[in-house]
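J.: The following block contains the structure, expressed as structure tokens.
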Amino acid sequence: MAELEVNLTRKYDAVIIGSGAAGGMAAHVLTSHGLQVLLLEAGKKLPIEQELRSMEWPYDNAHRGFLPPDSHSLSFNEYTIRNPPYGPGFEKSKHLHSYIGSSDYVKNIVVDERENPFTGTNYAWVRARCLGGKTNIWGRLALRLSDYDFKAKTRDGYGEDWPISYGDIAPYYDQVDLYLGITGVKENLPHLPDSIFQRPTKLNCAEVTLKQGIQKMGRVLTQYRAGVTSDGLKHNKYRSRCYGRGACERKGGCDIHAAFDSPTGLIYPAMDTGNLTLRTNSVAREIMVDPQTGKASGVHFVDSQTMKDYNVRARVVIVAASTLESARLLLLSKSRLYPNGLANSSGHVGHNFCEHVMGPGVAGRAKDLVGKPPTLDDGRPGGFYLTRFRNLAEKHPKFIRGYGFEGGSGSAMFPRGTDAHGFGASFKEEVRKNQGAFIGMGAFGEVLSRYENYVELDPVVKDKWGIPSLRFHYKFGDNEHRMAEDMKETAQEMFEAAGFEIVHVNSRVLTEGWSIHELGTARMGNDPKTSVLNQFEQSHDVKNLFVVDGSAFVNASCQNPTWTIMALCWRSCDYLAEELRKGNL
Ligand SMILES: Cc1cc2nc3c(=O)[nH]c(=O)nc-3n(C[C@H](O)[C@H](O)[C@H](O)COP(=O)(O)OP(=O)(O)OC[C@H]3O[C@@H](n4cnc5c(N)ncnc54)[C@H](O)[C@@H]3O)c2cc1C
Ligand code: SF4
Numbered sequence: 054m055a056e057l058e059v060n061l062t063r064k065y066d067a068v069i070i071g072s073g074a075a076g077g078m079a080a081h082v083l084t085s086h087g088l089q090v091l092l093l094e095a096g097k098k099l100p101i102e103q104e105l106r107s108m109e110w111p112y113d114n115a116h117r118g119f120l121p122p123d124s125h126s127l128s129f130n131e132y133t134i135r136n137p138p139y140g141p142g143f144e145k146s147k148h149l150h151s152y153i154g155s156s157d158y159v160k161n162i163v164v165d166e167r168e169n170p171f172t173g174t175n176y177a178w179v180r181a182r183c184l185g186g187k188t189n190i191w192g193r194l195a196l197r198l199s200d201y202d203f204k205a206k207t208r209d210g211y212g213e214d215w216p217i218s219y220g221d222i223a224p225y226y227d228q229v230d231l232y233l234g235i236t237g238v239k240e241n242l243p244h245l246p247d248s249i250f251q252r253p254t255k256l257n258c259a260e261v262t263l264k265q266g267i268q269k270m271g272r273v274l275t276q277y278r279a280g281v282t283s284d285g286l287k288h289n290k291y292r293s294r295c296y297g298r299g300a301c302e303r304k305g306g307c308d309i310h311a312a313f314d315s316p317t318g319l320i321y322p323a324m325d326t327g328n329l330t331l332r333t334n335s336v337a338r339e340i341m342v343d344p345q346t347g348k349a350s351g352v353h354f355v356d357s358q359t360m361k362d363y364n365v366r367a368r369v370v371i372v373a374a375s376t377l378e379s380a381r382l383l384l385l386s387k388s389r390l391y392p393n394g395l396a397n398s399s400g401h402v403g404h405n406f407c408e409h410v411m412g413p414g415v416a417g418r419a420k421d422l423v424g425k426p427p428t429l430d431d432g433r434p435g436g437f438y439l440t441r442f443r444n445l446a447e448k449h450p451k452f453i454r455g456y457g458f459e460g461g462s463g464s465a466m467f468p469r470g471t472d473a474h475g476f477g478a479s480f481k482e483e484v485r486k487n488q489g490a491f492i493g494m495g496a497f498g499e500v501l502s503r504y505e506n507y508v509e510l511d512p513v514v515k516d517k518w519g520i521p522s523l524r525f526h527y528k529f530g531d532n533e534h535r536m537a538e539d540m541k542e543t544a545q546e547m548f549e550a551a552g553f554e555i556v557h558v559n560s561r562v563l564t565e566g567w568s569i570h571e572l573g574t575a576r577m578g579n580d581p582k583t584s585v586l587n588q589f590e591q592s593h594d595v596k597n598l599f600v601v602d603g604s605a606f607v608n609a610s611c612q613n614p615t616w617t618i619m620a621l622c623w624r625s626c627d628y629l630a631e632e633l634r635k636g637n638l
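Residues in the sequence shown are numbered consecutively from 54, following our numbering.
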């Protein structure tokens, strides 16, 4: 792709902070409007295909795909007995990663917890500091939100409505679908609107049994809606179509980029317009403000390798560092004009922090599949999604909002779910006989947005670059725990309805943060007293400042957020370009 020289003496039209789903989308939209854009990314540009090695066999890897012995990734139990910062207690390990960093393929993608500490309440904070951020390894489930989410307060009285409705964002979801590619099947559900799908994957035998078994309960199971191009994208030379190589489930990403990632999906095509300059290893530490106008004037950043400080000027600043990092940056950007941090006259920056609660689920066995010949079931980028069914037509007596399940079944490269005991030939025979009959699913539920769940700057602890860390004040509440109880019960009830033998029931709630769907720390709204951004993700206080990632969410819904982050960002950047053209910024 065309690489432009970074020129820190000029004033760019826009500077974007962060190159994940949000920053990549902002770069795509703004450069297509002809703006001259600088993209600052804190991490490195990794030789990503060499990192991911999607087709490497376990026996070709020195550690069978796991981390080298000098590295450690935190387990569920460790999260429960240790408190952040997660360095102390792990002195024997040279590198320490969050729970997701347990494979050799992601060790350079996810951050080292010691270099990036945080304090406060327990949180499994998964961060990817490299070009493309978390999109290099995301799970690909690409779902839309609906007015059940955007107008949730109108339905149940809790929290706030979004300042937009589904109709406002629907055309942008369509554009994201067409530009990036998504697989799935139309279901015509009002609470989970359909996308413009490419060729879908197929459900396997046990998944179809579950789908049919729960139909009589009025519940819907559909093919995994994957942010993957199954037919290919003629307009993108950096991405291949999906060849169903079955590598998706191995912790790591897709090295032929059939699964969406921000660099090949958005950033390289934006660079090819000749309008995008990329600077990696650039850790933004403050958004600069013009004391005369009160407007954002540029970004102060540190080179992560040389530790040198730089400033860059721009007409508009776009924050896309991911929900928690964006809040941190706004809080760091204190000045005489903005003593509480930038865009924070409401006092809501860092607050209303929400996400998804995970853990409860079930594993079972389709008895009539035991002993059947193996089939190629993992040659696809996802299994199934069982859609929300709570608090739609009826009101649940114990909790508000809803949850959905992600799951899968069938033969896989690494036999799943088998509970076989023993060793030797009889053990192998037992595993072979049962492995294709296993089916499992786990829930993702909405965590309510609450002002009391928040992050702030830690007064003492700093990261490797001397930048104050975040301190967390975040816990699941009663609604989440009551919902988790229900997840466990309905999971079993549905497996029983499908005639599966239940092998294992998961009732534990995983550590806060496990879903990697953090949202809401600079929410949008119509009232500047209770929200940080307007419906175009533009700061109420500082007109030329936009925050275009998950921070802007008003609630978490129970649907995975990335497709919505990108659709909202596209809408906001169209607005931004028009306002800039009119001279309003
Ligand atoms: C294993 C895994 C599975 C997931 N599965 C799904 C899924 O199935 N569906 C779904 O919808 N979502 C999923 N997600 C979440 C999804 O990846 C995120 O929603 C998405 O990447 C958010 O985009 P973002 O741009 O806000 O943040 P990121 O992708 O994290 O990008 C932020 C970027 O900003 C950079 N940055 C941070 N601070 C600074 C700074 N100070 N200066 C400069 N740059 C900075 C970071 O280095 C990073 O590159 C998953 C994530 C993971 C890790
Ligand atoms: S199954 Fe498709 S999306 Fe997944 S790794 Fe293979 S080619 Fe990529």
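Each residue gets a CB set at the ideal place from its N, CA and C atoms; glycine is no exception.
Excluding five sequence neighbours on each side, which residues of the same chain lie with their C-beta closer than 7 Å to the C-beta of residue 253?
T.: Answer for residue 253: 236, 237, 238, 276, listed in chain order.
J.: What separation, rounded to the nearest whole angstrom, lies between the Cα atoms of residue 425 and residue 488?
T.: One C-alpha to the other measures close to 10 Å.
J.: Closer than 7 Å by C-beta to residue 292: which residues in its own chain qualify, once you throw out the five before and the five after it? Chain order, please.
T.: Around residue 292: 282, 286, 310, 311, 317, 318.
J.: Using 8 Å as the cut-off, classify the Cβ of residue 226 as near or not near the heavy atoms of ligand 2, replying yes or no.
T.: It does not: the Cβ of residue 226 is nowhere closer than 8 Å to a heavy atom of ligand 2.
J.: Could you check the C-alpha separation between residue 539 and residue 263 for me, to the nearest Å?
T.: Residue 539 and residue 263: Cα-Cα distance of roughly 19 Å.
J.: Given a cut-off of 9 Å, decide if residue 615 and residue 279 are closer than it, judged by their beta-carbon atoms.
T.: For residue 279 and residue 615, no; Cβs fall outside 9 Å.
J.: For residue 81, is the classification buried or exposed, using 16 other Cβ atoms within 10 angstroms of its Cβ as the cut-off for buried?
T.: Buried: at least 16 other Cβ atoms inside 10 Å.
J.: May I ask you to list the residues that DSSP assigns as paired with residue 492?
T.: Residue 492 is bridged to 417, 462.
J.: Helix or strand or just coil, what does DSSP make of residue 447?
T.: DSSP places residue 447 in coil when its eight states are reduced to three.
J.: Please give the ranges of any alpha helix (DSSP H) in the region 148-222, keeping only runs that are unbroken, at least 4 residues long and fully inside the region.
T.: Counting whole runs of 4 or more residues, the region 148-222 contains the alpha helix (DSSP H) stretches 200-203, 205-209.
J.: Hey, how far is the Cα of residue 333 from the Cα of residue 630?
T.: Going by the C-alpha atoms only, they are around 24 Å apart.
J.: Using the Cα positions of residue 512 and residue 520, report the straight-line distance between them to the nearest angstrom.
T.: Using only the alpha carbons, I get a separation of about 11 Å.
J.: Look up residue 86 in the DSSP assignment and give the residues it is bridged to.
T.: Partner(s): none; residue 86 has no beta bridge.
J.: Of all the options 478, 266, 386, which has the alpha carbon lying nearest to the alpha carbon of residue 598?
T.: Looking at the Cα atoms, 386 is the closest of the given residues.
J.: Indicate whether residue 118 and residue 303 have their beta-carbon atoms separated by less than 9 Å.
T.: Going by C-beta atoms, residue 118 is nearer than 9 Å to residue 303.
J.: Taking only three categories from DSSP, how would you classify residue 261?
T.: Residue state, collapsed to three classes: helix.
J.: Please find out if some non-hydrogen atom of ligand 1 comes closer than 8 Å to the beta-carbon of residue 179.
T.: It does: the Cβ of residue 179 is within 8 Å (strictly closer) of some heavy atom of ligand 1.
J.: Among residues of its own chain, excluding the 5 on either side of residue 401, which ones have a beta-carbon nearer than 8 Å to its beta-carbon?
T.: 504, 575, 576, 583, 584, 585.
J.: Is the number of C-beta pairs between the region 461-473 and the region 424-443 that are closer than 8 Å three or more?
T.: As far as the Cβ criterion goes, the region 461-473 touches the region 424-443, which means the pair count is three or higher.
J.: Tell me whether residue 336, by its Cβ, gets closer than 8 Å to a heavy atom of ligand 1.
T.: Indeed, a heavy atom of ligand 1 lies less than 8 Å from the Cβ.
J.: Which residue marks the beginning of the beta strand (DSSP E) containing residue 627, and which one marks its end?
T.: Note, residue 627: premise wrong, no beta strand (DSSP E); alpha helix (DSSP H) at 615-635.
J.: Shortest alpha-carbon distance to residue 351 belongs to which of 371, 357, 358?
T.: Nearest C-alpha to residue 351: 371.
J.: Taking only heavy atoms of ligand 3 into account, decide whether any of them is closer than 8 Å to the Cβ of residue 364.
T.: The model on display carries ligand 1 and ligand 2 but not ligand 3.
J.: To the nearest whole angstrom, what separates the beta carbons of residue 222 and residue 621, a pair I think is in contact under 8 Å?
T.: Rounded, the Cβ-Cβ distance is 6 Å, consistent with contact.
J.: Return the CA-CA distance between residue 493 and residue 208, expressed in angstroms with no decimal places.
T.: Approximately 32 Å, taken between the alpha carbons.
J.: Do you know how far the Cα of residue 458 is from the Cα of residue 284?
T.: Cα to Cα, the separation comes out at about 26 Å.
J.: Would you say the beta carbon of residue 309 is closer than 8 Å to some non-hydrogen atom of ligand 2?
T.: Answer for residue 309: yes, Cβ within range of ligand 2.
J.: Our contact map puts residue 611 next to residue 455 with C-beta atoms below 8 Å; I'd like the distance itself, whole angstroms only.
T.: Right, the Cβ-Cβ distance comes to about 5 Å (below 8 Å), so this counts as a contact.
J.: Just confirm the distance between the C-beta atoms of residue 107 and residue 418, as a whole number of angstroms; I'd bet it's less than 8 Å.
T.: Wrong, their Cβ atoms sit about 29 Å apart, outside the cutoff.
J.: Quick one: what does DSSP say residue 64 is sitting in, helix, strand or coil?
T.: Strand.
J.: Any beta carbon from chain D within less than 9 Å of residue 154's own beta carbon?
T.: The chain labelled as chain D is not found in the depicted structure, where only one protein chain is given.
J.: Looking only at C-alpha atoms, which of 472, 509, 562, 289 sits nearest to residue 130?
T.: The shortest C-alpha separation from residue 130 is found at 562.
J.: For residue 477, name the three-state secondary structure that DSSP assigns.
T.: Of the three classes helix, strand and coil, the one that applies to residue 477 here is helix, per DSSP.
J.: Can we count residue 614 as close to ligand 1, meaning its CB is less than 8 Å from some heavy atom?
T.: Yes; taking the cut-off as 8 Å, the Cβ of residue 614 has a heavy atom of ligand 1 nearer than that.
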